[in-house]
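Sequence lines, in order, name chains A and B. For the first sequence, this note's numbering assigns the number 1 to the initial residue and increments by one for each residue that follows. For the second sequence, this note's numbering assigns the number 117 to the initial residue and increments by one for each residue that follows. Ideal placement from N, C-alpha and C gives every residue a C-beta, glycine not left out.
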Amino acid sequence: GDSVTQMEGPVTLSEEAFLTINCTYTATGYPSLFWYVQYPGEGLQLLLKATKADDKGSNKGFEATYRKETTSFHLEKGSVQVSDSAVYFCALSSPGNGGSQGNLIFGKGTKLSVKP
Amino acid sequence: NAGVTQTPKFQVLKTGQSMTLQCAQDMNHEYMSWYRQDPGMGLRLIHYSVGAGITDQGEVPNGYNVSRSTTEDFPLRLLSAAPSQTSVYFCASSLLGSGNTIYFGEGSWLTVV
């Protein structure tokens with residue numbers, strides 16, 4: 001079945017460091033890909049998304065490119081801030097898995113801590 | 117601008133008790149769903165609905181019941197709570213379609229003792 005694998009954390013960085021969180025997926029058909037962020041004690045918020053191959057999603061300095069040839073959607077940010085400390089989830093929706101309705105399949109999440 | 121509203125935010129239940137987690141959205145979204153979040157497991161789909169009167173099972177439906185009598189509301193019922201149902205529950209909604217943004221509620225922390 002469809003699945004998402006993302007790098008395990010926790011990840012600890014110093015402020016202004018470069019961030020990469022790896023995400024790879026397995027899916028039938030052509031999924032849409034998402035990154036969600038969860039700040040402590042809160043629900044999930046959409047960070048960015050891409051709906052077709054080679055699309056780049058971007059928001060708040062974060063970027064991810066939908067790479068069909070490597071089935072990847074890695075999250076990057078050039079200079080992290082303390083306020084970026086959160087849990088990041090990679091997710092996909094696929095027509096073969098109820099995604100045409102809107103169902104998401106999530107990775108296990110990566111906790112990021114940014115130190116001043 | 118309410119979005120997706122869940123209640124209660126925190127609840128402690130005894131094993132065998134029943135309860136209902138409420139979820140409402142004011143965005144006229146056809147799609148609504150419930151996920152549970154457990155440490156190291158990410159989020160897993162419990163049940164979902166694509167419109168009033170239509171529900172279907174997700175990955176982990178056992179022990180939960182749902183109904184969708186209106187577009188706005190999608191309650192999740194625990195019929196006989198078990199410690200394994202201790203989790204954080206998230207309600208979500210969106211327009212139908214795989215590329216649409218899914219909006220999440222703030223979560224309901226449930227402990228079953």
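Item: Nearest neighbour of Leu194 (chain B), chosen from B:Asn181, B:Thr187, B:Ser185, B:Phe206 [CA to CA]; Value: B:Asn181
Item: Test: Met157 (chain B) CB closer than 8 Å to a CB of chain A; Value: yes
Item: Three-pair Cβ contact test at 8 Å for the segment 60-69 of chain A versus the segment 125-144 of chain B; Value: no
Item: Contacts around Gly119 (chain B), its chain only, beta-carbon distance under 8 Å, and the 5 residues preceding and following it disregarded; Value: Gln141, Asp142, Met143, Tyr219, Gly221
Item: Segment contact flag, the segment 102-109 of chain A with the segment 156-169 of chain B, C-beta cutoff 8 Å, min 3 pairs; Value: yes
Item: Simplified DSSP assignment, three categories, for Ser32 (chain A); Value: strand
Item: Integer-rounded CB distance, given that Leu226 (chain B) should sit under 8 Å from Pro191 (chain B); Value: That pair is no contact at about 14 Å.
Item: Nonlocal neighbours in the same chain, by C-beta distance under 6 Å from Tyr25 (chain A), ignoring five residues either side; Value: Val4, Thr71, Leu92
Item: Three-state class that DSSP yields for Gln133 (chain B) in the structure shown; Value: coil
Item: 8 Å Cβ cutoff, Asn103 (chain A) in contact with chain B; Value: yes
Item: Nearest-angstrom Cα separation, counted from Arg152 (chain B) out to Glu8 (chain A); Value: 20 Å
Item: Counted within 10 angstroms of its Cβ, other Cβ atoms place Glu146 (chain B) as buried (16 or more) or exposed; Value: buried
Item: Reduced DSSP secondary structure (H/G/I, E/B, other) of Gln81 (chain A); Value: coil
Item: CB contact check: Asn216 (chain B) to chain A, cutoff 8 Å; Value: yes
Item: CB contact below 8 Å: Glu16 (chain A) versus chain B; Value: no
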